[in-house]
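Peer 1:
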Amino acid sequence: GRCKLYDVLWMCRPQHIWMSPRCGPWSSWNRLNQCKSLKLEAQIQSDRKGERVHLLLCDAMFRLQDWRGDTFHFHLEQPAGSEMLHQSEMGNIMSNTLRVSCDMCIAGALRHPESHAWLKKRTQIWTTSAIVWRTLEKCQCVGAHQHDQVAGSCKPPGGTRMPLTRYTELFTAKFAKRLCKAIQCSCHIQEQVVGYRTMFAYVTSTTEG
């Protein structure tokens with residue numbers, strides 16, 4: 371599967387790559403669960419070991435875009451609280467991208483599929499695009515509505531019952547359209563990559579402007 375992915379990337383040369391690896395073993399819930407018993411802790415550690423191949427893939431994708439040049443961008447998404455970001459394989463990405471947080475109730479109009487209550491689901495994105503950073507930086511909830519907890523199970527229309535956490539892993543159409551618009555703008559102007567080294571200068575210039 372990874373070989374086929376590299377074939378596609380080599381032929382299509384996408385200017386933007388978006389990575390959203392599975393959070394499960396690194397989630398806040400599993401951080402609590404591993405304290406319940408030695409058996410659970412061993413299972414979670416085993417799951418994390420099996421997922422490290424995906425962390426290495428994220429690092430490889432970032433290095434590929436970096437090698438290709440200053441107009442090739444990389445983005446990584448993880449829910450708030452994910453311990454994946456503290457793993458050594460992610461160090462290169464964390465050191466060379468901008469971090470932005472957004473709330474999915476604002477960024478994607480995320481609601482519970484049954485009660486239709488708002489779901490906040492704070493999300494973190496590491497990006498080399500100042501346009502994507504600025505787009506999502508504005509999408510933070512100011513507490514103007516009530517939120518339901520991302521817990522328990524749900525039954526989406528036309529689907530089968532599933533954990534609500536799994537349902538919220540899927541991006542809403544509104545969030546996808548918001549991202550697409552930002553990425554199209556980035557491609558149109560041939561936006562140069564930015565990182566922590568240039569973030570302060572960028573934020574200062576846009577604030578003053």
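In this text, residue positions in the sequence shown follow the numbering used here: the first is 371, and each later residue adds one.
Backbone N, C-alpha and C fix where the C-beta goes; we use that ideal spot for every residue, glycine too.
#1: For R372, count neighbouring C-beta atoms within 10 Å of its own C-beta (all shown protein chains included) and say buried if the count is 16 or more, exposed if not.
#2: So what's F444 in DSSP terms, helix, strand or just coil?
#3: Hey, would you say T498 sits closer than 7 Å to F444, going by beta carbons?
#4: Okay, do the segment 386 to 396 and the segment 420 to 431 touch, 3+ Cβ pairs below 8 Å being the bar?
#5: Is it right to say C382 is buried, meaning 16 or more other beta carbons lie within 10 angstroms of its own, or is it exposed?
#6: So, with DSSP's three-state summary, where would you put Q494?
#7: Measure the alpha-carbon distance for W437 versus V563 and round it to whole angstroms.
#8: Using only CA atoms, which one of A477, L534, K374 lies nearest to C524?
#9: Can you tell which of Q516, L375, C472, S471 has the C-alpha that lies nearest to the C-alpha of C428?
#10: Got a sec, what are the start and stop residues for the beta strand (DSSP E) I387 sits in?
#11: Between the beta-carbon of I501 and the beta-carbon of A552, is there less than 7 Å?
#12: In chain order, which beta strand (DSSP E) runs of at least 3 residues are fully inside the segment 488 to 570?
#13: In the structure shown, what three-state DSSP assignment does R438 receive?
#14: According to DSSP, what are the bridge partners of P395?
#15: Taking only the alpha-carbon atoms, compute the straight-line gap between K544 and D377 and give it to the nearest angstrom.
#16: Spell out the partners DSSP gives L468 in its beta bridges.
#17: Just to check my reading of the structure: I463 and Q510 have Cβ atoms closer than 8 Å, yes? What is that Cβ distance to the nearest angstrom?
#18: Would you mind stating whether D440 and H482 have Cβ atoms separated by less than 7 Å?
#19: Assuming contact is defined by CB atoms lying nearer than 7 Å, are L506 and K491 in contact in what I supplied?
#20: Rounded to the nearest angstrom, what separates R548 and R433 at their Cα positions?
#21: Quick check: what's the CA-CA separation for A450 versus I387?
Peer 2: Result, derived from the coordinates:
#1: exposed
#2: strand
#3: Yes, the pair counts as a contact, with Cβ atoms nearer than the cut-off.
#4: yes
#5: exposed
#6: strand
#7: Between the alpha carbons of W437 and V563 lies a distance of about 12 Å.
#8: L534
#9: Closest by C-alpha distance to C428, out of Q516, L375, C472, S471, is L375.
#10: 386 to 389
#11: yes
#12: 492 to 497
#13: helix
#14: Partner(s): none; P395 has no beta bridge.
#15: 30 Å
#16: T497
#17: With 8 Å as the limit, I463 and Q510 do not qualify as a contact, their Cβ atoms being about 22 Å apart.
#18: In terms of Cβ geometry, D440 and H482 do not form a close pair [threshold 7 Å].
#19: Taking 7 Å as the Cβ cut-off, L506 and K491 do not qualify as a contacting pair.
#20: 26 Å
#21: 21 Å
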